[in-house]
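Notes for the one structure printed next.
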Amino acid sequence: MMKRTIPMLLAMAAGIVMILAYFFPPLTPLQDKTTVWFNILAAVAFILGGGNLLKVHLKKVSDRREGWAYSMITLAAFVGVLAIGLFKIGVNPLDEFPAQRMAGDFRAEGSGFWYVYEYVFAPLTATIFSMLAFYVASAAFRAFRAKNLEAILLLGTAFVILLGRTAAGVFLTDFLPEEGILANFRLENLTVWIMNNPVTAGNRAIMIGIALGTASVSLKILLGVDRSYLGGGD
Amino acid sequence: MYEFLRDLDRRVIFSLMALAVAVPILLQITPPEKATPIVRDAFETIEALEEGDRVYMAFDFDPASAGELQPMATAFVRHACEKKLKIYFTALWPVGPQFIKNAERDVISRDFPEMVYGENYVDLGFKTGNEGVIKLVANDLRTQYPQDARGTPIDDIPMMAGVASIRDFDVIMNVSAGYPGTKEWVQYAVASAPNDIKLVAGCTGVQAPLLYPYYPQQMSGLLAAIKGAAEYESLVLGKYGRENEPGMYQEGLRRMAPQLSGHILMVGLIFVGNLVYFMARKRGEA
Amino acid sequence: MPCFSLTSLLLVAEEAAAAAETAESTGLLNMDRLPLLGVAVFFVLAVVFWISVARSGGQIKVREIAGLKAIEEAVGRATEMGRSVLFVPGIQDVSEIQTIAGITVLSKVAKTAAEYDAKVEVPVARTLVMVTARETVQEAFLAAGRPDAYNEDLIYYVTDEQFGYVAYLSGMMVREEPAACIYMGCFYAESLILAETGNSIGAIQVAGTAMPAQLPFFVAACDYTLIGEEFYAASAYLSESPAELGSLKGQDLAKVLAFGLIGLGALLATATQFVPSLQGAFDFFTGTLLG
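See below:
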């Protein structure tokens with residue numbers, strides 16, 4: 019009962035409150051409180067995650083499993099950055115309290131944490147994100163083949179959008195007038211039309227379907243029909 | 004030739020893309036930009052504000068998307084400063100506060116030193132809770148932010164006087180890289196008071212198709228990807244540009260050249276890929 | 362425990378008092394949202410009706426979903442090659458519906474893997490997802506009669522940071538070369554990185570997400586993709602439970618209502634251009650009915 023029934027009842031109660039609060043204003047304070055309680059739980063989960071990270075990687079290092087050196091680096095980075103932030107290493111004191119180093123902001127420019135963020139974290143995440151440019155190119159070369167009519171339409175649209183979103187679009191159709199019916203065939207205007215009409219229409223259709231699917235799954239959870247979030251079984 | 008193209012190593016494609024992006028940056032090519040209506044509407048929404056009007060500026064992005072979103076964030080802050088608006092910075096992403104500090108340091112302190120913290124701009128900082136934060140500030144901002152990012156109680160900040168919820172702001176300016184972001188601002192803030200709240204947003208290219216349906220009803224304007232940033236920059240520079248304009252106000256415009264060459268390369272790759280496909284079909288291999 | 366209960370009661374009483382005070386000043390029901398409440402009630406009734414029809418023996422037919430059929434093929438392939446199956450439940454927390462839908466598919470993947478004696482690795486980006494996934498996989502192994510084969514260390518937390526997570530996954534995929542990669546959940550920009558890396562190692566890839574922006578990347582790079590609603594229908598499809606199948610039917614009824622409203626709105630908007638007196642009806646439709 020503790021493992022399944024009570025969590026299910028809690029989920030049902032919280033979900034129903036959140037939905038009804040949208041229509042019945044007197045329930046808004048309860049809705050706000052429920053949201054705050056979830057925020058607290060989410061914050062506590064960080065500690066659980068940190069503990070699991072330490073456990074998994076320490077085990078990998080102690081067992082000397084393949085790739086254990088990467089685990090060493092992960093552990094060193096985790097403990098190192100945690101220590102830099104928690105103990106405010108390298109933090110400049112505030113002007114009001116020059117003798118109290120711990121009163122300074124650990125994220126202020128010049129602090130240890132700031133250096134880690136600016137010169138390690140930011141470049142690393144930007145690097146991984148920028149890999150997308152290369153992967154898009156290789157995916158385009160491999161996957162965009164005119165195998166049927168729909169694929170040909172997709173390719174044509176892709177060409178219009180790719181060129182229309184750059185100065186090339188303006189250059190290629192600059193011979194068309196800027197006003198009148200023919201102006202609609204300028205690549206930059208055609209791009210805007212495609213984004214505002216067929217793309218928006220297609221996205222709205224997918225979003226409506228997804229919204230209904232989301233509502234249906236949520237309803238199943240609220241009614242206790244779907245209990246997969248409790249961990250399998252009935 | 005056919006065998007070479009058919010078995011083309013991915014690394015060749017990666018190298019071509021690296022060249023396509025690097026060469027225009029090194030040659031410092033900046034093509035001209037013309038604003039589209041959706042960006043122009045975003046600009047006009049801010050232009051229509053009066054001195055002293057309140058803007059709620061939410062920086063919901065991280066370093067990974069800063070390449071695409073930092074130029075529009077900088078343009079938003081500069082425009083708000085030029086219009087002498089009251090700026091309330093917040094962030095729903097844990098790394099958002101760093102970009103707020105960058106904006107304070109690089110734009111406000113440097114080019115608008117007359118602006119006073121607490122009177123012209125304030126940093127309310129990051130709050131965990133994703134869309135829960137938006138739902139709360141839609142009704143009661145002061146409970147959610149009892150103090151600013153520097154630890155000053157909110158009642159002691161002059162520009163927080165008379166501010167109870169998001170409805171007390173004239174415009175929300177949001178720069179969003181994903182979740183939580185513009186979609187959540189539309190769903191939980193704008194939807195709660197559609198006649199009271201205006202939203203102007205900047206987003207990554209991938210998100211843009213999802214946000215177009217919200218324009219112009221729920222959103223007054225949208226800057227989609229680096230192109231939108233470049234267009235907005237061209238409008239801001241056109242109206243408020245000075246001599247020897249700092250480079251950071253033209254970052255979006257500068258990035259259009261590598262985008263141009265990258266897109267042309269992709270069109271070429273798609274063309275070559277289809278050539279290989281049809282040649283294979285002719286040989287009976289496809 | 363008694364202290365906790367008393368505190369909870371006091372908190373709820375305080376909230377109820379605040380609620381009563383609000384009711385006096387703002388009214389019990391937000392009248393602007395009344396049409397939406399009507400639509401919501403219709404939706405709930407439709408789903409409940411069809412669930413009860415299904416439970417009382419009514420036959421509900423669901424079309425085949427190729428991506429779900431391919432999961433068994435993917436796990437079998439992994440077993441033959443002696444390599445693992447990588448399952449990625451997205452990068453959002455368990456509060457996201459897509460993650461719950463992904464966990465449901467994980468249950469099926471884990472059961473199939475237990476039957477085939479294949480290894481399923483599930484690195485996650487949220488702690489609560491790790492806890493839920495562990496319980497799901499454990500139940501699946503138990504249901505397959507292989508509780509001894511369950512290894513909780515194969516389901517572990519990596520990092521909350523989006524690109525740190527995808528960097529780990531990419532490196533792990535290139536080093537360990539899983540034979541099958543299954544992506545089921547909420548993804549953002551990392552979707553193409555994962556799919557292309559999986560492609561480069563020759564893995565069979567099955568993806569499912571309800572993020573419209575990421576669907577094109579998965580469709581281009583994966584062997585099978587569950588698009589939007591198909592992904593949500595997966596839980597009903599895999600469980601074959603009458604209640605779940607009935608909910609799909611109720612959802613379809615709500616879709617019919619949506620189609621009707623869209624058609625009516627489009628007709629009204631067009632007719633208003635030719636018959637201006639219909640403007641009032643159009644304004645009522647968009648301003649009041651649609652909120």
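Residue numbers (the working numbering), protein chains in the order written: chain G, 19 to 252; chain W, 4 to 289; chain F, 362 to 652.
Ideal Cβ placement from N, Cα and C applies to all residues, glycine included.
This one's a predicted model, so the numbers in the text were calculated from it and none came from an experiment.
query	result
Interface residues of chain G facing residue 114 of chain W [CB-CB closer than 9 Å]	The premise fails here: residue 114 of chain W is roughly 18 Å from chain G at the closest Cβ pair, so nothing lies under 9 Å.
Among W/237, W/277, W/280, the one whose alpha carbon lies nearest that of residue 258 of chain W	W/237
For residue 510 of chain F and residue 475 of chain F, believed in contact at Cβ under 8 Å, the rounded distance	6 Å
Member of F/448, F/441, F/496, F/443 whose CA lies at the smallest distance from the CA of residue 21 of chain G	F/496
Partner residues on chain F for residue 27 of chain G, Cβ-Cβ distance less than 7 Å	In chain order: nothing, as chain F lies at least about 14 Å away.
Extent of the continuous beta strand (DSSP E) to which residue 450 of chain F belongs	446-451
Reduced DSSP category for residue 245 of chain G - H, G, I as helix; E, B as strand; rest coil	coil
First and last residue of the uninterrupted beta strand (DSSP E) at residue 202 of chain W	202-206
Buried or exposed by the 16-neighbour rule on C-beta atoms within 10 Å, applied to residue 133 of chain W	buried
Proximal chain G residues relative to residue 101 of chain W, where beta-carbon distance stays under 9 Å	125, 132, 135, 136, 140
Where residue 40 of chain G sits in the DSSP three-state scheme	helix
Any chain F beta carbon closer than 8 Å to residue 25 of chain W	no
Closest residue to residue 92 of chain G among G/221, G/68, G/178 (Cα-Cα distance)	G/68
Rounded separation between residue 189 of chain G and residue 8 of chain W - CA only	30 Å
Enclosing beta strand (DSSP E) for residue 517 of chain F [first to last residue]	516-518
Residue 246 of chain G at chain F interface by Cβ criterion, 8 Å	yes
Limits of the beta strand (DSSP E) - the one that residue 566 of chain F falls within	565-570
Closer than 8 Å to chain F by CB, residue 10 of chain W	no
CB contact flag (residue 106 of chain W, residue 125 of chain W, <8 Å)	no
Cβ-based neighbour list, residue 523 of chain F, same chain, cut-off 8 Å, excluding 5 preceding and 5 following	452, 486, 549, 550, 551
Selection from W/135, W/55, W/82, W/123 that minimises the alpha carbon distance to residue 94 of chain W	W/135
Interface flag, residue 225 of chain G vs chain F, CB-CB below 8 Å	yes
Residue environment, residue 224 of chain W, which counts as buried when at least 16 other CB atoms sit within 10 Å	buried
C-alpha distance - residue 44 of chain G paired with residue 35 of chain G, whole-angstrom precision	11 Å
Same chain only: Cβ atoms within 7 Å of residue 161 of chain W, ignoring 5 sequence neighbours per side	121, 122
Interface residues of the stretch 524-544 of chain F facing chain W [CB-CB below 8 Å]	524
Selection from F/455, F/508, F/488 that minimises the alpha carbon distance to residue 239 of chain G	F/455
Chain W contact residues for residue 156 of chain G, given Cβ-Cβ distances below 9 Å	13, 16, 17, 20, 272
Three-state secondary structure (DSSP) of residue 133 of chain W	coil
Among W/50, W/285, W/144, W/271, the one whose alpha carbon lies nearest that of residue 155 of chain G	W/271
Pair within 8 Å by beta-carbon distance, residue 214 of chain W and residue 204 of chain W	yes
Residue 225 of chain W in three-state terms, based on DSSP	strand
Residue 575 of chain F, DSSP secondary structure in three states	coil
Three-state secondary structure (DSSP) of residue 60 of chain W	strand
Reference residue 45 of chain W; option with closest CA among W/140, W/219, W/200	W/219
Check whether residue 100 of chain W and residue 128 of chain W have beta carbons under 8 Å apart	yes
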